[in-house]
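K.L.:
Counting in the working numbering, the sequence shown runs from 36 upward without gaps. Don't be surprised by glycine CBs; every beta carbon is placed ideally from N, CA and C.
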Amino acid sequence: MSSSQNLRRSGLALLTALVLSACASDAELDTRADLAGPEAQQIESFMNVMLWISYVVFAIVMGITLYAWKNFRIRTYDYEEGDWPEQIHGNDKLEYTWTAVPAIVLAIIAVFTVSLHQKLNDQDTNPITVEVAGEAVSWEPQIVVVGHQWWWEFQYHFGDTDIDQERIENLPVADITTATQMVIPKGQEIELEVTSRDVIHSFWIPSLNGKRDAVPGRQSAPWKIEAEEAGVYFGQCTEFCGLSHSRMRMQVVALEPADFQTWVTAQMEPASLSAEDLAYVDSLVAGDSVQAENVVQTGISTFRSKCSSCHLMEGVNDDEWSAEVVAEQLVAGAAPDLTHFASRTTFAGGILNVWDPETGDFNTNHLAQWLRNPESLKANFAKPATDGDNRMRGMPNLGLTTEEVDGLVALLQATSPKPSDTLIAETGVE
Ligand SMILES: [Cu+2]
36 MSSSQNLRRS
46 GLALLTALVL
56 SACASDAELD
66 TRADLAGPEA
76 QQIESFMNVM
86 LWISYVVFAI
96 VMGITLYAWK
106 NFRIRTYDYE
116 EGDWPEQIHG
126 NDKLEYTWTA
136 VPAIVLAIIA
146 VFTVSLHQKL
156 NDQDTNPITV
166 EVAGEAVSWE
176 PQIVVVGHQW
186 WWEFQYHFGD
196 TDIDQERIEN
206 LPVADITTAT
216 QMVIPKGQEI
226 ELEVTSRDVI
236 HSFWIPSLNG
246 KRDAVPGRQS
256 APWKIEAEEA
266 GVYFGQCTEF
276 CGLSHSRMRM
286 QVVALEPADF
296 QTWVTAQMEP
306 ASLSAEDLAY
316 VDSLVAGDSV
326 QAENVVQTGI
336 STFRSKCSSC
346 HLMEGVNDDE
356 WSAEVVAEQL
366 VAGAAPDLTH
376 FASRTTFAGG
386 ILNVWDPETG
396 DFNTNHLAQW
406 LRNPESLKAN
416 FAKPATDGDN
426 RMRGMPNLGL
436 TTEEVDGLVA
446 LLQATSPKPS
456 DTLIAETGVE
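1. What's the call for Glu264, buried or exposed, on a 16-neighbour Cβ count within 10 Å?
2. Using the beta-carbon of each residue, find all residues closer than 5 Å to any heavy atom of ligand 1 and list them in chain order.
3. How long is the line joining the alpha carbons of Val366 and Ala209, rounded to whole angstroms?
4. By DSSP, does Val366 sit in helix, in strand, or in coil?
5. State the DSSP-derived secondary structure class of Trp258, mapped to helix, strand or coil.
6. What's the call for Ile99, buried or exposed, on a 16-neighbour Cβ count within 10 Å?
7. Would you call Phe275 buried or exposed, if buried means 16 or more other Cβ atoms sit within 10 Å of its Cβ?
8. Can you give me the C-alpha to C-alpha distance between Phe10 and Thr148, rounded to a whole angstrom?
9. Could you pull out every residue in the same chain whose Cβ sits closer than 7 Å to the Cβ of His280, ignoring the five residues on either side in sequence?
10. Taking the straight line between their C-alpha atoms, what separation do you get for Phe93 and Ile144?
11. Over the uninterrupted beta strand (DSSP E) stretch that includes Gln77, give me the two end residues.
12. Is the segment 208-222 in contact with the segment 287-307, if contact means three or more CB pairs nearer than 8 Å?
13. Is it buried or exposed, Thr134, if we count other Cβ atoms within 10 angstroms and call 16 or more buried?
14. Can you tell which of Ala460, Val136 and Trp104 has the C-alpha that lies nearest to the C-alpha of Ile88?
15. Measure the C-alpha to C-alpha separation of Phe416 and Gly429 and round it to an integer number of angstroms.
16. Compute the distance between the beta-carbons of Thr374 and Thr450, then report whether it is under 8 Å.
17. Please report the straight-line C-alpha distance between Glu188 and Arg253, rounded to a whole angstrom.
18. Could you compute how far the alpha carbon of Pro392 sits from the alpha carbon of Ile459?
19. From Asp456 to Leu42, what does the alpha carbon distance come to, in whole angstroms?
20. Does the Cβ-Cβ distance between Val180 and Glu224 come in under 8 Å?
21. Can you check whether the CB of Gln286 is closer than 8 Å to the CB of Val267?
22. Give me, in chain order, the residues of the same chain whose beta-carbon lies closer than 6 Å to that of His401; leave out the 5 immediate sequence neighbours on both sides.
23. With 8 Å set as the bound, which would you pick, yes or no: does the beta-carbon of Leu435 sit closer than that to a beta-carbon of chain B?
24. So, are the CB atoms of Trp390 and Lys453 less than 8 Å apart?
25. Under three-state DSSP, which class holds Glu188?
26. What residues in its chain sit with their C-beta under 6 Å from that of Gly277, if we drop five residues either side in the sequence?
27. Just verifying my parser: in three-state terms, what is the DSSP assignment at Glu291?
28. Using the beta-carbon count (16 or more within 10 Å), is Trp239 buried or exposed?
29. Below 6 Å CB to CB, which residues in the same chain sit around Pro371 once its five sequence neighbours on both sides are set aside?
30. Please report the straight-line C-alpha distance between Val464 and Ala75, rounded to a whole angstrom.
31. Would you grab the beta carbon distance between Val172 and Met303 for me? Rounded to a whole angstrom, and I think it's under 8 Å.
32. My assumption, with CB atoms under 8 Å, is that Val330 sits in contact with Val316. Please give the rounded CB distance.
33. With burial defined as no fewer than 16 other Cβ atoms inside 10 Å of the residue's Cβ, what is the status of Tyr131: buried or exposed?
Below you can see the structure in the form of structure tokens.
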């Protein structure tokens, strides 16, 4: 094979690979498939208008080019000076036309753009009645979304209708705080107050709506989200935010209204700490209930002494933990609320399973490894500052003993009953 043939073939192979790489089937972050929110559908219709305009422009430009090529090219190489077609310079009619036509096209696009922009920024929420601590509360559905290096936090404030989230430190303590998984009732527009604790992040659930940047110390215009059907919708931070940016994922879990209420009721409780269904502890202590109790107790005392500087687990360390201490300890300022850790299905920015999607068992292996050495699973900067500049990010390796790790794993599993098998299966990560 000649070298030019070789070159052509490898060129073709490269092109094919590039084209094929664009067609992942069943891609969670596909912006044009399975659009489940009215906002995403509006964006899609707008995209279609734009695409059709581009098709027409493309066809006209290509048509003129081909026409000119066919009719005006020089067909022989032995042409004489005088064989050139007539040369012109300056043509008012043409110049006005090629200025006016694009201007009109842009004006049409602008009309659609501005009207869509308006629609996406309109807030049209309806109050939802939620039962909070036995009382019916009318909640203007609103969730505070906080980007952290490198995970998302979601806060539900049922009592407050107007939240000043300009300074995230000033937020009142939320009724529910969760990480990575945002739970919403289906068929309701939910207002999102998107902000950040540290650097700029961007919140994006492609099948529900476009992006909104999370900017520290700034109140961006509220964003919104609505899922027409119950289901799980995936997202990923879309503003480069440092080392583990690619490991900063999130999911929206849309539930039937009754299931949403069940979720709220459970989340409002302190950690359940029920020793039932602790298959993991049973496997450690061979069915010895006194020993099992001890394992969970070890977990509780370890948690209180070694985790309280960063994590809250209501019902376990409320007295040890304080938001002010945490703000001092960490530049990032916070760590996930672990009160209902086991009610979630993924952790560490959605890169690891809390529950194994194949077996449905608690994912002891990854959790234990996370506690022993978080950095082995997710890159971070969680080392004590050496130069006085505390840039600590992420969870540090605390040098825990095997007993402490076993106790903590048991404790974390005991925080909540197991979530539904469907949710575990749908959110499972490789
Ligand atoms: Cu980010």
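P.N.:
In brief:
1. Taking the first residue of the sequence shown as position 1, residue 264 is located at position 229. Its Cβ having fewer than 16 others within 10 Å, Glu264 is exposed.
2. His236, Cys272, Cys276 and Met283
3. Here residue 366 is taken as the residue at index 331 of the sequence shown, counted from 1. Here residue 209 is taken as the residue at index 174 of the sequence shown, counted from 1. Reliability of the predicted coordinates at Val366 is poor, the pLDDT of 49 falling under 50, and no value is obtained from them.
4. Position 331 of the sequence shown, counted from the first residue, corresponds to residue 366. Per-residue confidence for Val366 stands at a pLDDT of 49, beneath the threshold of 50, marking its modelled position as unreliable; the derived number appears in the next sentence. It is coil, neither helix nor strand.
5. Taking the sequence shown and counting its residues from 1, the one referred to as residue 258 is at position 223. Strand.
6. If you number the sequence shown from 1, residue 99 lands on position 64. Burial call: exposed.
7. Start at 1 with the first residue of the sequence shown, and residue 275 comes out as number 240. Phe275 comes out exposed.
8. Outside the modelled stretch of the chain, which goes from 36 to 465, sits residue 10, for which no answer is possible.
9. Looking up residue 280 in the sequence shown gives position 245. So the qualifying residues of the chain are Trp185 and Cys272.
10. As a first step, residue 93 is located in the sequence shown; it is residue number 58 there, counting from the start. As a first step, residue 144 is located in the sequence shown; it is residue number 109 there, counting from the start. When rounded, the distance between both Cα atoms is 16 Å.
11. Against the sequence shown, residue 77 aligns to sequence position 42. Per DSSP, Gln77 belongs to no beta strand (DSSP E); it is in the alpha helix (DSSP H), Pro73 to Phe107.
12. yes
13. The residue you call residue 134 lines up with position 99 of the sequence shown. Label assigned to Thr134: exposed.
14. For the purposes of this step, residue 88 is identified with residue 53 of the sequence shown, where counting begins at 1. The option with the nearest alpha carbon to Ile88 is Val136.
15. In the sequence shown, the residue the question calls residue 416 occupies position 381. In the sequence shown, the residue the question calls residue 429 occupies position 394. About 6 Å.
16. Counted from its first residue, the sequence shown places residue 374 at position 339. Counted from its first residue, the sequence shown places residue 450 at position 415. Yes, the pair counts as a contact, with Cβ atoms nearer than the cut-off.
17. Start at 1 with the first residue of the sequence shown, and residue 188 comes out as number 153. Start at 1 with the first residue of the sequence shown, and residue 253 comes out as number 218. Each residue's alpha carbon lies about 17 Å from the other.
18. Start at 1 with the first residue of the sequence shown, and residue 392 comes out as number 357. Start at 1 with the first residue of the sequence shown, and residue 459 comes out as number 424. Cα to Cα, Pro392 sits roughly 5 Å from Ile459.
19. Translated into positions along the sequence shown, residue 456 becomes position 421. Translated into positions along the sequence shown, residue 42 becomes position 7. Approximately 52 Å between the Cα atoms of the pair.
20. Taking the first residue of the sequence shown as position 1, residue 180 is located at position 145. Taking the first residue of the sequence shown as position 1, residue 224 is located at position 189. Not closer than 8 Å, so no.
21. Position 232 of the sequence shown, counted from the first residue, corresponds to residue 267. Position 251 of the sequence shown, counted from the first residue, corresponds to residue 286. Yes, these two residues count as a Cβ contact at 8 Å.
22. Counting from 1 along the sequence shown, the entry for residue 401 is found at position 366. For His401, where only same-chain residues beyond five positions count, the Cβ hits under 6 Å are Leu387.
23. No chain B is part of this structure, which consists of one protein chain only.
24. As a working mapping, residue 390 is identified with position 355 in the sequence shown. As a working mapping, residue 453 is identified with position 418 in the sequence shown. Yes; because the gap between Cβ atoms is below 8 Å, this pair is in contact.
25. In the sequence shown, residue 188 corresponds to position 153, counting from 1. The answer is strand: DSSP assigns Glu188 an E or B state.
26. Indexing the sequence shown from 1 puts residue 277 at position 242. If we look at Gly277 and ignore the five residues flanking it on each side, its Cβ neighbours are Gln184.
27. Counted from its first residue, the sequence shown places residue 291 at position 256. Coil, per DSSP.
28. Numbered from 1 along the sequence shown, position 204 holds the residue referred to as residue 239. Per the 10 Å Cβ criterion, buried.
29. Indexing the sequence shown from 1 puts residue 371 at position 336. Ala214.
30. Here residue 464 corresponds to residue number 429 of the sequence shown, with the count starting at 1. Here residue 75 corresponds to residue number 40 of the sequence shown, with the count starting at 1. Taking the straight line from one Cα to the other gives about 24 Å.
31. Indexing the sequence shown from 1 puts residue 172 at position 137. Indexing the sequence shown from 1 puts residue 303 at position 268. The pair is not a contact, with the Cβ atoms about 11 Å apart (cut-off 8 Å).
32. Numbered from its first residue, the sequence shown carries residue 330 at position 295. Numbered from its first residue, the sequence shown carries residue 316 at position 281. Rounded, the Cβ-Cβ distance is 5 Å, consistent with contact.
33. For the purposes of this step, residue 131 is taken as residue 96 along the sequence shown, with counting starting at 1. Tyr131 should be labelled exposed.
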